[in-house]
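S.K.: Residue numbering for the sequence shown follows our numbering, starting at 2 and increasing by one per position. Handing you this structure, nothing more for now.
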Amino acid sequence: MSEPIRAGVLGVGSLGRYHAQKYAAHAGTELVGVFDPDMERAEGVAAETGCVAFPDAGSLVERVDALTIAAPTEVHAVLGVKALNAGVDVLMEKPLAANRSEADDLVAAADASGRILQVGHLMRFHPGVRRLAESGMDPRPPQYLEANRLNTFQPRSLDIDVILDLMVHDLDLILRWVDSPVAEVRAIGIPVVTDKVDMANARIAFENGAVANLTASRVARKQVREVRMFQPHRYVSVDFVDSTMGVYELDESADDSPVPGTRGKQLELDAADLLAEEVDAFVQACAGGLSDGVSGREGRAALSLGLDVRAAIEDHFERYGAGSLHQGVAP
Numbered sequence: 002m003s004e005p006i007r008a009g010v011l012g013v014g015s016l017g018r019y020h021a022q023k024y025a026a027h028a029g030t031e032l033v034g035v036f037d038p039d040m041e042r043a044e045g046v047a048a049e050t051g052c053v054a055f056p057d058a059g060s061l062v063e064r065v066d067a068l069t070i071a072a073p074t075e076v077h078a079v080l081g082v083k084a085l086n087a088g089v090d091v092l093m094e095k096p097l098a099a100n101r102s103e104a105d106d107l108v109a110a111a112d113a114s115g116r117i118l119q120v121g122h123l124m125r126f127h128p129g130v131r132r133l134a135e136s137g138m139d140p141r142p143p144q145y146l147e148a149n150r151l152n153t154f155q156p157r158s159l160d161i162d163v164i165l166d167l168m169v170h171d172l173d174l175i176l177r178w179v180d181s182p183v184a185e186v187r188a189i190g191i192p193v194v195t196d197k198v199d200m201a202n203a204r205i206a207f208e209n210g211a212v213a214n215l216t217a218s219r220v221a222r223k224q225v226r227e228v229r230m231f232q233p234h235r236y237v238s239v240d241f242v243d244s245t246m247g248v249y250e251l252d253e254s255a256d257d258s259p260v261p262g263t264r265g266k267q268l269e270l271d272a273a274d275l276l277a278e279e280v281d282a283f284v285q286a287c288a289g290g291l292s293d294g295v296s297g298r299e300g301r302a303a304l305s306l307g308l309d310v311r312a313a314i315e316d317h318f319e320r321y322g323a324g325s326l327h328q329g330v331a332p
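Shown next, in the form of structure tokens:
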């Protein structure tokens, strides 16, 4: 039996704490330690998970084989590059980095060191998304996709806007499903309770003719997380909150459907621990096995499209709004 992979977590806020719990429970890993600038918080997570709270990031990196980085986005690149150069595999919480240049630095460091770099796009592990991948997509590209990701306000991830906080999950999925270069991005968004965009809508056109419409908000009154995809002769919907999936197809022989000429069904999806599956995919890759984790390059692509959405919002606001988007908190 091979030795367990020595794992650690840099940044143990709410999400990093969950990563530490998953490593502590995983049969293939030994959770060596955690680090957080808030030493009291780090010691609390260490006591909970049976590991050590390290006094600095560097000393933790020296002791591990694999690492989750769940620190603020602005330090993703500096922490990730140092870890990769030290021979440590990295699972980076989304978004991969603060900008394209830093994302490129991370991908280059992973390539040069031969280490694993994966990105925490959690929705890839949702049972509905997995079912689509396993059952096979219609070989013809989707014609229209719609994604709504609305959340009530949470005092976290406020170092980034709603595009890189929430919408980026759906950008990653749509890029994977459409598999075509982007032709045009139009978007609008506004700050509401922070000095960054808290609500956004984007229309993305692809070179193969597909169009995606995405809405994201972190100041909604209720939680909504759903995607709908229209392919030739087929419509698929996934509700991430209720964990249901609908698949409907054109079928002239169907005579018992409420919609003439169609057949379909609504599926109740199995419950799943998405983060545990994400961590397991990362651990499999670190051990040299096959893995369906999100690669650094895929994370870079989702980030890049998110930055294009942000730029389109800036352009729209400057063209039609009053001054700069970042003048202050909107009323």
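C-beta: ideal position from N, C-alpha, C; glycine also.
Who are the Cβ neighbours of R33 in its own chain at under 8 Å, not counting the five residues just before and after it?
M.R.: This sequence places Val at residue 33; Arg is not what is there. Hits under 8 Å: R7, A8, G9, C52, V53, L61, R64, V65.
S.K.: Expressed to the nearest angstrom, what Euclidean distance is found between the alpha-carbon atoms of A67 and V91?
M.R.: Rounded to whole angstroms, A67 to V91 spans 6 Å at the Cα level.
S.K.: Exposed or buried, what is D37 when buried is set at 16 or more other beta-carbons lying within 10 Å of its beta-carbon?
M.R.: With 16 or more Cβ atoms within 10 Å of its Cβ, D37 is classed as buried.
S.K.: I'd like the list of long-range same chain contacts for L80, defined as Cβ closer than 8 Å, with 5 residues on each side in sequence excluded.
M.R.: So the list reads L11, A58, I70, A72, once near-sequence residues are dropped.
S.K.: Does the stretch 81-89 come within contact of the stretch 25-32, defined as at least 3 CB pairs closer than 8 Å?
M.R.: Not touching, per the Cβ criterion.
S.K.: Please go through the same chain and pick out, in chain order, the residues whose beta-carbon is closer than 7 Å to the beta-carbon of A43, but skip the five residues on each side of it.
M.R.: V13, V35, F36, D37, A54.
S.K.: Looking at L270 and P128, is the spacing between their C-beta atoms short of 8 Å?
M.R.: Yes, Cβ-Cβ distance for P128 and L270 is below 8 Å.
S.K.: Please classify A71: does DSSP put it in a helix, a strand, or coil?
M.R.: The answer is coil: DSSP assigns A71 none of H, G, I, E or B.
S.K.: In terms of alpha-carbon separation, which member of H122, Q224, D105, N214 lies closest to V179?
M.R.: Among H122, Q224, D105, N214, the Cα nearest to that of V179 is on N214.
S.K.: What number of angstroms, rounded off, separates the C-alpha of D106 from the C-alpha of R116?
M.R.: If I take the Cα positions, the gap works out to 14 Å.
S.K.: According to DSSP, what are the bridge partners of I191?
M.R.: M200.
S.K.: Whose C-beta lies closer than 7 Å to the C-beta of F154 among residues of the same chain, with five residues either side of it excluded?
M.R.: Counting only Cβ-Cβ distances below 7 Å, and skipping sequence neighbours, we find V194, R219, V220.
S.K.: Can you tell me whether P332 is buried or exposed, with buried defined as 16 or more other CB within 10 angstroms of its CB?
M.R.: Interpretation of P332 is limited by its pLDDT of 27, a score under 50 that renders its predicted location unreliable; the figure taken from the coordinates is listed afterwards. Looking at its Cβ environment, which holds fewer than 16 other Cβ atoms inside 10 Å, P332 is exposed.
S.K.: From what residue to what residue does the beta strand (DSSP E) around R235 run?
M.R.: Counting along the chain, the beta strand (DSSP E) containing R235 begins and ends at 235-240.
S.K.: Where does L16 land, buried or exposed, given buried means 16+ other C-beta within 10 angstroms?
M.R.: With 16 or more other Cβ atoms within 10 Å, it is buried.
S.K.: Tell me whether Y19 is buried or exposed, calling it buried when 16 or more other Cβ atoms sit within 10 Å of its Cβ.
M.R.: With 16 or more other Cβ atoms within 10 Å, it is buried.
S.K.: Excluding the five sequence neighbours on either side, which residues of its own chain have a C-beta within less than 8 Å of the C-beta of T74, listed in chain order?
M.R.: So the list reads P96, A98, A99, D160, I161, L165, once near-sequence residues are dropped.
S.K.: If you check the beta carbons only, do V225 and N149 fall under 8 Å apart?
M.R.: Yes; because the gap between Cβ atoms is below 8 Å, this pair is in contact.
S.K.: So, helix, strand or coil for A25, using DSSP?
M.R.: A25 falls in the helix class under three-state DSSP.
S.K.: Below 8 Å, how does it come out for the stretch 201-211 and the stretch 307-320: are there three or more Cβ pairs, yes or no?
M.R.: The stretch 201-211, when compared against the stretch 307-320, does touch it at the 8 Å Cβ threshold.
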